[in-house]
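Report on the structure given below.
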Amino acid sequence: MKTCHWKSSVKFADHVKLAPRYQKHDTLILYQLRQIRSKFDASSAYNLVRTSGPLTQSHLCYPFTVFTIADYDQINNPAAILFRLVALQTLKLGSNAGLPKETVERLASKATGKMKRAFDEILLACNNTTIIPILNNEHLAKPLATMADLLAPTIVTANKLVSNFILQEFTRNT
1 MKTCHWKSSV KFADHVKLAP RYQKHDTLIL YQLRQIRSKF DASSAYNLVR
51 TSGPLTQSHL CYPFTVFTIA DYDQINNPAA ILFRLVALQT LKLGSNAGLP
101 KETVERLASK ATGKMKRAFD EILLACNNTT IIPILNNEHL AKPLATMADL
151 LAPTIVTANK LVSNFILQEF TRNT
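Okay, so the sequence shown: first residue is 1 according to full-length UniProt numbering, each after it adds one.
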């Protein structure tokens with residue numbers, strides 16, 4: 001990544017960090033995160049590494065990841081919402097990032113099947129706390145990896161649409 005892009009990413013991350021609350025336009029930074037399916041407890045998972053080019057600046061051309069799949073067709077999947085929160089909290093608070101247990105409980109109440117079991121695993125492991133730490137928390141990372149695997153088919157479907165938008169952009173501009 002070029003230094004100018006890196007500095008721009010850091011500057012924008014600082015803006016999100018200082019923002020008193022999250023706003024929809026602030027979440028566009030999430031599209032700079034790469035797709036991962038494990039290691040959610042590592043700070044390197046939240047490095048801003050993606051950028052768009054002049055032909056793919058539209059948000060329709062941004063590939064979906066576990067952190068952005070909640071944007072796809074206004075998906076109301078509790079795990080997708082949790083991943084968005086994990087990313088936003090980590091970008092905003094860095095090593096102090098945490099999830100309010102109450103929020104995780106509320107999302108867990110909407111989950112079913114394997115997704116519900118993954119939420120329950122998080123809540124069981126973090127039983128005695130009101131804030132669940134994100135970084136360096138293996139008890140959170142393992143269930144998040146399970147959730148990422150369960151979201152994978154939805155991400156693949158969403159990204160087929162994205163690839164069509166990208167193809168249209170290149171076809172129109174050539």
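C-beta: ideal position from N, C-alpha, C; glycine also.
- In the three-state scheme derived from DSSP, where H, G and I count as helix and E and B as strand, residue 93 is classed as helix.
- Bridge partners of residue 113 according to DSSP: none are assigned.
- In this structure, residue 153 keeps its C-beta atom at 8 Å or more from the C-beta atom of residue 111.
- Counting the other CB atoms within 10 Å of its CB gives residue 172 a total below 16, which places it among the exposed residues.
- Per DSSP, residue 29 lies in no alpha helix (DSSP H) and is assigned neither H nor E.
- Residue 32 counts as buried, since at least 16 other C-beta atoms from the protein chains shown sit within 10 angstroms of its C-beta.
- Runs of the beta strand (DSSP E) lying entirely within the region 94 to 160 and spanning at least 3 residues, in chain order: 98 to 100 and 131 to 133.
- In this structure, residue 83 sits away from residue 104, with a CB-CB distance that is not shorter than 8 Å.
- With a cutoff of 8 Å on beta-carbon distance, residue 132 and residue 94 are scored as not near each other.
- The beta-bridge partner set that DSSP reports for residue 85 is empty.
- Cβ contact annotation for residue 87 (same chain, cutoff 7 Å, sequence separation greater than five): 30, 33, 46 and 67, in chain order.
- Only residues of its own chain outside the window of five on either side were considered, and among them 118, 121 and 122 have a CB closer than 6 Å to the CB of residue 143, listed in chain order.
- Secondary-structure assignment with DSSP links residue 48 through a beta bridge to 33.
- Rounded to whole angstroms, the separation of the alpha carbons of residue 169 and residue 125 is 46 Å.
- Distance from the CA atom of residue 161 to the CA atom of residue 75, rounded to whole angstroms, is 15 Å.
- Its Cα nearest to that of residue 41, the residue 140 stands out among 140, 70, 91 and 71.
- With contacts defined by Cβ atoms closer than 8 Å, residue 81 and residue 158 do not form a contacting pair.
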